[in-house]
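Here the sequence shown stands for residues 18 to 877, where the numbers follow our numbering.
The beta carbon of each residue, even a glycine, is placed where N, CA and C say it ideally should be.
Small disclaimer: the values here were computed from a predicted structure and weren't measured.
Notes follow the structure.
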Amino acid sequence: MTQHRLWALISKAKQRLPLRVVLLVPFLLQIAGVTGLVGYWSFRNGERAVNDLAQQVQGELTARIEQELSTYFATPPTINQISAAAFLQGELPLAQGNQAATLLRQLKLSPYLYSIYCGNEQGEFLGTMRLLDQEDSVGIWNANAATGYHQFHFYADHLGNRGQLFRDAGAYDPRQRPWYKTAKRQERPVWGDVYVAFSSQQPALTASQPVYDRSGQQVVGVCATDVLLTDDLRQFLSSLTIGKTGQAFVIDRHGVLLSSSTNDPLTLGEGKDKTLMQASLSQNPLVKGSMEQILAEFVDLAAIQDPTQLVFKVEGQRQLVQLVPFRDDYGLDLLIVLVLPEADVMGDIQASTRTTFLLCVAALGLATWVGVITSRRLSHPLLTLSQASQTMAAGQWQPQVIRSNIREVQVLSQSFNLMAQDLQQSFQALEQANADLERRVEERTAALAQRAEQDHLLRQISQRLINEDIALAIHYALRQVGVYTDSDRCYLVHFNGASDQFLITYQWQGGTQLWEQSCFQGATMESLPWLYYNYRLAQPIQWDSTTPVPPEGQGDQQMIAASGVAALLLVPMQTMGEMVGWIGLDTSQAHRQWSPDSCQLLQLVGEMIAMTQVRYEVEKALRLERAKSDQLLLNILPVSIADQLKQDIRPIAEHFEEVSILFADIVNFTPLSSRLSAVELVNILNQVFSTFDELAGWLGLEKIKTIGDAYMVAAGLPVPRADHLDTIADMALAMVNAMSLFSRNHDEHLQIRIGIHFGPVVAGVIGVKKFTYDLWGDTVNVASRMEALGKPGLIQVTESVYEQLRDRYHFEERGLIQVKGKGIMRTYWLLRKRHDWDPVPELDTPTSLVPPDHPVQSLR
18 MTQHRLWALI SKAKQRLPLR VVLLVPFLLQ IAGVTGLVGY WSFRNGERAV NDLAQQVQGE
78 LTARIEQELS TYFATPPTIN QISAAAFLQG ELPLAQGNQA ATLLRQLKLS PYLYSIYCGN
138 EQGEFLGTMR LLDQEDSVGI WNANAATGYH QFHFYADHLG NRGQLFRDAG AYDPRQRPWY
198 KTAKRQERPV WGDVYVAFSS QQPALTASQP VYDRSGQQVV GVCATDVLLT DDLRQFLSSL
258 TIGKTGQAFV IDRHGVLLSS STNDPLTLGE GKDKTLMQAS LSQNPLVKGS MEQILAEFVD
318 LAAIQDPTQL VFKVEGQRQL VQLVPFRDDY GLDLLIVLVL PEADVMGDIQ ASTRTTFLLC
378 VAALGLATWV GVITSRRLSH PLLTLSQASQ TMAAGQWQPQ VIRSNIREVQ VLSQSFNLMA
438 QDLQQSFQAL EQANADLERR VEERTAALAQ RAEQDHLLRQ ISQRLINEDI ALAIHYALRQ
498 VGVYTDSDRC YLVHFNGASD QFLITYQWQG GTQLWEQSCF QGATMESLPW LYYNYRLAQP
558 IQWDSTTPVP PEGQGDQQMI AASGVAALLL VPMQTMGEMV GWIGLDTSQA HRQWSPDSCQ
618 LLQLVGEMIA MTQVRYEVEK ALRLERAKSD QLLLNILPVS IADQLKQDIR PIAEHFEEVS
678 ILFADIVNFT PLSSRLSAVE LVNILNQVFS TFDELAGWLG LEKIKTIGDA YMVAAGLPVP
738 RADHLDTIAD MALAMVNAMS LFSRNHDEHL QIRIGIHFGP VVAGVIGVKK FTYDLWGDTV
798 NVASRMEALG KPGLIQVTES VYEQLRDRYH FEERGLIQVK GKGIMRTYWL LRKRHDWDPV
858 PELDTPTSLV PPDHPVQSLR
């Protein structure tokens, strides 16, 4: 647009400006400009002063929190030093575990301490702890050779002597615990990460310290102290005055909420599933919103090394936030967060600003009123004349009375009135005919549009019920029906026969009306007898301004009306002739009338929802049964074989060029079965074979089958693998070790005989009933012979296995044996896995490599 054209448009606009605007606008612009500048500078100066005050308040509060945290976390490192000295002086009987008086005296020093304990390099452990479920009670927990290195929990008297055993917490090795390993690795006192304490189910921190021998060179143990994040710290934070609605909370560098001035829980879940809560998941909107903004500002919380000031909005309000790192000399690294809403400190400034703003508005309003009165008195006669001419041009022919002292205006007014009278009569008949025609067209159009809209609505609801989640689809249907019928609520009512109560299963609520809970929810047949009677008869219920309620239903109506319902419509939902509930509408509009279209729409939608619910239940049952059958099939067959059988039930057979086979058999099982009951025998087999199954799963092997006390496993199928022979050898060694441990733990002298061979096999599934995955071929037969001709507690392998594994495992040559169907074969005993420090293997492994306690020594 050229400059000449722009000036032309401005000039044209000036020519069209009303006289009142020309007189009024310049005057108002001057007043508005002055008052606006005064209000703006007043607000800015006040805001700057408040921000300075807020920073001072935040600094004082964070300093108090730092002091409290220093007191809270200073005790555990000191306790650890005392415990380490007692440990080194031999005052802690870790090997006996009969008393812990020294640790008990330290535990009573601070109410924040939960437990104090020490462990040594021999795996022995002794500690004392508070019993939170019993007031002023303490316990001793220890693990040593006397407890079988299980962690036993005992009651303790006030002198620290061990009392009655009340819990066996299972096998426990302190050397494998994070508190022990971390202190030993870092060679200095350290703090651990926050965790949920197993016994107290509360957030806790552990301070640990390594204990050196008197030379100071060798670590002989580690002592540690657990401190619970109790309500005392929360109460301190709550006692701080942080404005009116401000909050303070403490987090670690991972964002875990350690304490806060709110009543929010610090953990999520229950029991074994209880976990620490992230501050971003807090139930407090201010804490949650502030943490989300902090995480958006800092990708890594560890980057906050110095006190930091932030300003951001949470729920539309500006927040003044201060982040202060808290550290100690032992690695504790926390973050103090102080959130102060700006509105808390800006209240007086904002009130003053509002007063200034109101005064400016009042001054502007007064000036506007004076300007309007003045301009009106000057422009009213001309404006009236202009409006009269526009009214006539618009077809309004009524006489226009224009009062003015100007004679020319009076003459013009009389001329206008005469023309209006002449034209009015000629247009009245035409307007009446047009009005009648338009009314009939509008009525017909409205009817067609309503029918089309209703059909479109039903199609949308039907598509949602078919394609979407049932709960979302039903909520969508109720909302659409409620909006279409201009109702306040739309819901589904079901009478639960088990509890004899009406239940609202789904509900939509619209409008701005604040409703109480529906009287249907939890109502019994005694409280709504008339409605219950009609429910059983599958009758529709309707009352509104034109449909009265019969006398027997007036009690029910009064109860429902007490909740604000003035009009109600309930339509039965039926499936295959059975009543499944009502679909209902209600409203607080006293003069509401339900149209037949609303009743019909409600009935159609109710039938669609009922059929969808039946379909959903059927599909849910089918999915559940399908999942059960799939899981059962996977427990019997490998995944790839099961997938093939799902596609085609024809026999499956596949050739594998190299597969390692292991056969194992429990020795002397027949005599054992003669002195044990059938249940005890099966339990022993189940424990042994379950252990073997776990080993096979861990090594990625395929269990083939068990026959009586025999066990068969293979490597290299149904998916080939290059290390099949190594993994089958590891499996055999692990099985021998597992049987040895089982015998010692159960006081039963059980041994296992194992045979291994590898080579080509055919694997697959045959038959059409009771599928099983099996192997065939000479390799299977040879592996079975190796087991049958073996000796208890030993692993017999063929010469081909020996040649493949001799560089990685220790063997001893057995010699030549007679094998049925194969003749004379040279076999070997697999002893153990070779390590880097072992001697270089020769052709035949010398007997000296066999451990003295290995069963093969008895064969020499």
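(request) List in chain order: all unbroken alpha helix (DSSP H) runs of 4+ residues lying wholly within the stretch 104-188. (result) 118-124
(message) So the candidates are 740, 764, 383; which of them puts its Cα closest to the Cα of residue 822?
(response) 740
(request) Let me know if residue 335 comes out buried or exposed under the rule of 16 or more other beta-carbons within 10 Å of its beta-carbon. (result) exposed
(message) Judging by CA-CA distance, which residue of 225, 202, 307 is the nearest neighbour of residue 358?
(response) 307
(message) Give me the DSSP bridge partner(s) of residue 470.
(response) In DSSP, residue 470 forms no bridge with anything.
(message) Would the stretch 790-804 count as touching the stretch 771-779 if we require 3 or more Cβ pairs under 8 angstroms?
(response) yes
(message) Using only CA atoms, which one of 375, 593, 477, 311 lies nearest to residue 339?
(response) 311
(message) On the DSSP letters alone, give me the boundaries of the beta strand (DSSP E) that residue 202 sits inside.
(response) Note, residue 202: premise wrong, no beta strand (DSSP E); alpha helix (DSSP H) at 195-203.
(message) Measuring only from the beta carbon, is residue 472 closer than 7 angstroms to any heavy atom that is part of the ligand PLP?
(response) In the structure on display, the ligand PLP does not appear, and there are no ligands present to speak of.
(request) Look at the alpha carbon of residue 643 and the alpha carbon of residue 634, and state the distance between them as a whole number of angstroms. (result) 14 angstroms
(message) Can you list, in chain order, the residues of its chain with a C-beta nearer than 6 angstroms to that of residue 698? Leave out the 5 residues immediately preceding and following it.
(response) 690
(request) For residue 866, I'd like the list of residues in its chain whose CB is within less than 6 angstroms of its CB, leaving aside the five on either flank, ordered along the chain. (result) Caution applies to residue 866, whose pLDDT of 35 falls short of 50 and renders its modelled position unreliable; the model cannot decide the point.
(request) Compare the C-alpha of residue 502 against each of 548, 619, 572 and name the closest. (result) 619
(request) Tell me residue 717's beta-bridge partners as DSSP assigns them. (result) Paired residue(s): none; residue 717 is not in a bridge.
(request) List the residues that DSSP assigns as beta-bridge partners of residue 774. (result) 678
(message) I want to know whether the stretch 320-330 touches the stretch 291-298 - three or more CB-CB distances under 8 angstroms.
(response) no
(message) At the level of alpha carbons, what is the spacing between residue 592 and residue 477?
(response) 21 angstroms
(request) With DSSP as the reference, label residue 851 as helix, strand or coil. (result) coil
(request) Report the residue from 316, 471, 92, 702 whose alpha carbon sits nearest the alpha carbon of residue 206. (result) 92
(message) Using the Cβ count rule (16 or more neighbours within 10 Å means buried), how would you classify residue 158?
(response) buried
(message) Using the three-state DSSP reduction, which class does residue 94 fall into: helix, strand or coil?
(response) helix
(message) Looking only at its chain, what residues have a beta carbon closer than 7 angstroms to the beta carbon of residue 386, apart from the 5 residues adjacent to it on each side?
(response) none
(request) Could you tell me which residues DSSP puts in a beta bridge with residue 599? (result) 510, 589
(request) Return the first residue and the last residue of the beta strand (DSSP E) that residue 826 is part of. (result) 826-836
(request) Can you grab the Cα-Cα spacing for the pair residue 101 / residue 109, in whole Å? (result) 10 angstroms
(request) Consult DSSP for residue 253 and reduce its assignment to one of helix, strand or coil. (result) helix
(message) Helix, strand or coil for residue 846? Go by DSSP, reduced to three states.
(response) strand
(request) Out of 573, 539, 228, state which residue places its alpha-carbon closest to the alpha-carbon of residue 550. (result) 573
(request) Can you give me the start and stop residues for the beta strand (DSSP E) that residue 755 sits inside? (result) Note, residue 755: premise wrong, no beta strand (DSSP E); alpha helix (DSSP H) at 741-763.
(request) Name the two residues that bound the continuous alpha helix (DSSP H) containing residue 541. (result) It is not in any alpha helix (DSSP H) - residue 541 carries neither H nor E in the DSSP assignment.
(request) Could you tell me whether the Cβ atoms of residue 156 and residue 146 are closer together than 8 angstroms? (result) yes
(request) List the whole-angstrom C-beta distance separating residue 582 from residue 599, where the pair is believed to meet the contact cut-off of C-beta under 8 angstroms. (result) With a Cβ gap of about 14 angstroms, residue 582 and residue 599 do not count as contacting.
(request) Pull up the distance between the alpha-carbon of residue 89 and that of residue 252, whole angstroms please. (result) 13 angstroms
(message) Assuming residue 197 and residue 228 are in contact, meaning their beta carbons sit under 8 angstroms apart, how far apart are those beta carbons, in whole angstroms?
(response) The Cβ separation is near 11 angstroms, so there is no contact.
(message) Quick check on residue 94: buried or exposed, where buried means 16 or more other Cβ atoms within 10 Å of its Cβ?
(response) buried
(request) Name the one or two DSSP bridge partners that residue 276 has. (result) 267
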